[in-house]
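Colleague: Would you mind keeping the following structure in view while I ask a few things?
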Amino acid sequence: MTSTTDQVAGFVDPSVTTLLRFATAGSVDDGKSTLVGRLLHDSKSVLTDQLEAVEAVSARRGQDAPDLALLTDGLRAEREQGITIDVAYRYFATARRRFILADTPGHVQYTRNMVTGASTADLAVVLVDARNGVIEQTRRHAAVAALLRVPHVVLAVNKMDLVGYEEKAFAAIAEEFTAYASDLGVPEITAIPISALAGDNVVEPSAHMDWYGGPTVLEHLETVPVSHDLTACPARFPVQYVIRPQTAEHPDYRGYAGQIASGVLRVGEAVTVLPSGRTSVIEGIDALGEGVDIAWAPQSVTLRLADDIDISRGDLIAPSSNPPATTQDVVATVCHVADQPLAVGARVLLKHTTRTVKAIVKEIPSRLTLDDLSQHPDPGQLVANDIGRVVVRTAEPLALDAYADSRRTGSFLLIDPADGTTLAAGMAGESFASQARTTVQADEEGWDF
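Using numbering that gives the first Met the number 0, the letters of the sequence shown map in sequence onto residues 0 to 448.
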């Protein structure tokens, strides 16, 4: 058990706590950075010199109280404009849990950065201004969270002090957002009324909203169930590097190094190398320079196989009993993140785990309309922040899982081959857990690469 002394000193024993990765999202001026600052401040996760620096800057601006948003808005441009531009990562802990927080931008121009922050999150906190309610940007954040299969979403209705802490204002927003997010297939939605500026229901319960009997934001973050059991999924091992010392000490050593994306690998297990389809048996597993009999995700190890097979970076090793299917026609949903449009016929690079292949955008069957979750058919192109369905033809086969089955091996990036710019983040397979109201069938006319 963590002692009071350890807690005061900022030390939390990782062996007695769990880890929660979560992301925050909200429109401009919804108070997202203030919420994060309040969360860090009231949970005693701010160092004294950090707080003193914020107090000094706030005093120079003529503010009576410290501007807690300054704890997260680190870029000069962010502070000058009063907005968040880049994804800011913060690490803190309580006696009950450790946290990795990704504070993502709210401005529509930087919605693409939410994809980065939420891609590995177990939970997303979506802020809404109680005076404005659910707006288009709120719907966009909910759609991104649903696409990325974030299992838990918290709706934080902020600035309740500016609507007189009225229950009706909160209830109307919570009902609208819950209905919308549920249609997208978000499995769990928790609505919490807060005032980040005043500290109501962030870390301490509010004295102004006795009609609310649920948890505070921190209490929910500390108690929401999370699972990081990647071993429950089929084993996937993307090869990152081939080790061939060819020294007098190791003249015949051939090892395949990488990080296990999911599942468990064992010595003696029959495996298949994809996309070639060649088979072998795991002869040895080296971890930290020592031989082991078993390894599991997300360990970084080196595999040695019983047979000499042509294997290189980008190949994927999987159990012969449960390998992923290979395909050259990738059907997926993408979040377009680049300024230049993505059009039908565009030549791109597709990066999947450690493999990068040439590809052509064969079709863009639909673009998601955020207002009613309908699909706009055949848009021809996707522009920045659009969410749409694509069909991509690759020059070489890919061993791709459905994103619903594996966030690691079901995701990919589309890259501009000219300058290396990331164009879109893709999720293979079905887009949402429950489909949008109007679906559009993709045209399956043949296209030879």
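We put the beta carbon where it would ideally sit given N, CA and C, even for glycine.
Check whether the segment 259-272 touches the segment 224-237, counting contact only when three or more Cβ pairs, one atom from each stretch, lie closer than 8 Å.
Modeller: Because the criterion of three Cβ pairs below 8 Å is met, the segment 259-272 and the segment 224-237 touch.
Colleague: With DSSP collapsed to three states, give me the class of Leu34.
Modeller: Position 35 of the sequence shown, counted from the first residue, corresponds to residue 34. Leu34: helix per DSSP, three-state reduction.
Colleague: Cβ atoms of Ser32 and Ile134: under 8 Å apart, would you say?
Modeller: The sequence position of residue 134 within the sequence shown is 135, counting from 1. The sequence position of residue 32 within the sequence shown is 33, counting from 1. Taking 8 Å as the Cβ cut-off, Ile134 and Ser32 do not qualify as a contacting pair.
Colleague: With burial defined as no fewer than 16 other Cβ atoms inside 10 Å of the residue's Cβ, what is the status of Leu161: buried or exposed?
Modeller: Residue 161 sits at position 162 when you count from the first residue of the sequence shown. Classification of Leu161: exposed, given that the 10 Å Cβ count is below 16.
Colleague: I'd like the span of the beta strand (DSSP E) that includes Thr103, first residue to last.
Modeller: Sequence index remark: in the sequence shown, residue 103 carries index 104 (1-based). Unbroken run through Thr103: none, as it is neither H nor E.
Colleague: Roughly how many whole angstroms lie between the Cα atoms of Thr17 and Ala94?
Modeller: Here residue 17 corresponds to residue number 18 of the sequence shown, with the count starting at 1. Here residue 94 corresponds to residue number 95 of the sequence shown, with the count starting at 1. Those two C-alpha atoms are separated by around 10 Å.
Colleague: Looking only at C-alpha atoms, which of Arg354, Arg366 and Ala324 sits nearest to Val343?
Modeller: Locating residue 343 in the sequence shown gives position 344, counting from the first residue. When each option's Cα is compared against that of Val343, the closest is Arg366.
Colleague: Sorted by chain position, which residues of the same chain lie with C-beta nearer than 6 Å to Tyr211's C-beta, five sequence neighbours on each side aside?
Modeller: Position 212 of the sequence shown holds residue 211. Result list for Tyr211: Pro192, in chain order.
Colleague: For Leu349 and Leu413, which I take to be in contact (beta-carbon distance under 8 Å), what is that distance rounded to the nearest angstrom?
Modeller: Numbered from its first residue, the sequence shown carries residue 349 at position 350. Numbered from its first residue, the sequence shown carries residue 413 at position 414. Indeed they touch by this definition, with Cβ atoms about 6 Å apart.
Colleague: What is the C-beta distance between Val300 and Ala286, in whole angstroms, given that I count them as a contact (C-beta under 8 Å)?
Modeller: Position 301 of the sequence shown, counted from the start, is the residue given in the question as residue 300. Position 287 of the sequence shown, counted from the start, is the residue given in the question as residue 286. 5 Å between Cβ atoms; contact.
Colleague: Need the endpoints of the alpha helix (DSSP H) that Ile172 sits in, please.
Modeller: By 1-based counting over the sequence shown, the position of residue 172 is 173. Element bounds for Ile172: Glu166 to Leu183.
Colleague: Using the Cα positions of Glu187 and Gln245, report the straight-line distance between them to the nearest angstrom.
Modeller: In the sequence shown, the residue the question calls residue 187 occupies position 188. In the sequence shown, the residue the question calls residue 245 occupies position 246. For Glu187 and Gln245, the distance between alpha carbons rounds to 54 Å.
Colleague: Can Asp418 and Thr408 be called in contact, C-beta distance under 8 Å?
Modeller: Sequence index remark: in the sequence shown, residue 418 carries index 419 (1-based). Sequence index remark: in the sequence shown, residue 408 carries index 409 (1-based). For Asp418 and Thr408, no; Cβs fall outside 8 Å.
Colleague: Quick check on Gln298: does DSSP put it in helix, strand or coil?
Modeller: In the sequence shown, residue 298 corresponds to position 299, counting from 1. Coil at Gln298, not helix or strand.
Colleague: Quick one: what does DSSP say Ser430 is sitting in, helix, strand or coil?
Modeller: The residue labelled residue 430 in the question sits at position 431 within the sequence shown. Looking at Ser430 - three-state DSSP - the assignment turns out to be coil, as it is neither helix nor strand.
Colleague: Do Val238 and Tyr255 have their C-beta atoms closer together than 8 Å?
Modeller: Numbered from its first residue, the sequence shown carries residue 238 at position 239. Numbered from its first residue, the sequence shown carries residue 255 at position 256. For Val238 and Tyr255, yes; Cβs fall inside 8 Å.
Colleague: Within the continuous beta strand (DSSP E) that includes Glu203, where are the two ends?
Modeller: On the sequence shown, position 204 is the one that residue 203 refers to. Looking at the DSSP string, Glu203 is not in any beta strand (DSSP E), and its letter there is neither H nor E.
Colleague: For the alpha helix (DSSP H) containing Ala129, name the first residue and the last one.
Modeller: Within the sequence shown, numbered from 1, the residue matching residue 129 stands at position 130. Careful: Ala129 lies outside any alpha helix (DSSP H) and carries neither H nor E.
Colleague: With DSSP run on the structure shown, which of helix, strand or coil describes Thr17?
Modeller: What you label residue 17 is simply residue 18 of the sequence shown in a count that begins at 1. Strand, per DSSP.
Colleague: DSSP three-state label for Asp160, please.
Modeller: Residue numbering aside, residue 160 sits at position 161 when the sequence shown is read from its first letter. It is helical.
Colleague: By the 10 Å Cβ neighbour count, where 16 or more other Cβ atoms means buried, how is Lys361 classified, buried or exposed?
Modeller: What you label residue 361 is simply residue 362 of the sequence shown in a count that begins at 1. Buried, because 16 or more other Cβ atoms sit within 10 Å of the Cβ of Lys361.
Colleague: Identify every run of the beta strand (DSSP E) within the segment 225-301, keeping only runs that are complete inside it and at least 3 residues long; order them along the chain.
Modeller: If we require 3 residues or more, the beta strand (DSSP E) runs fully inside the segment 225-301 come out as 240-242, 254-258, 263-265, 269-273, 277-286, 289-291 and 293-295.
Colleague: Let me know the secondary structure DSSP gives Gln136 once reduced to three states.
Modeller: If you number the sequence shown from 1, residue 136 lands on position 137. If DSSP states are grouped into helix, strand and coil, Gln136 belongs with the helices.
Colleague: Would you mind reading off the limits of the beta strand (DSSP E) that contains Leu220?
Modeller: Sequence index remark: in the sequence shown, residue 220 carries index 221 (1-based). Premise fails: Leu220 lies in the alpha helix (DSSP H), Val216 to Thr222, not in any beta strand (DSSP E).
Colleague: Of the residues Ala141, Thr355 and Ser430, which one's Cα is nearest the Cα of Asp370?
Modeller: Position 371 of the sequence shown, counted from the first residue, corresponds to residue 370. The residue with the shortest Cα to Cα distance from Asp370 is Ala141.
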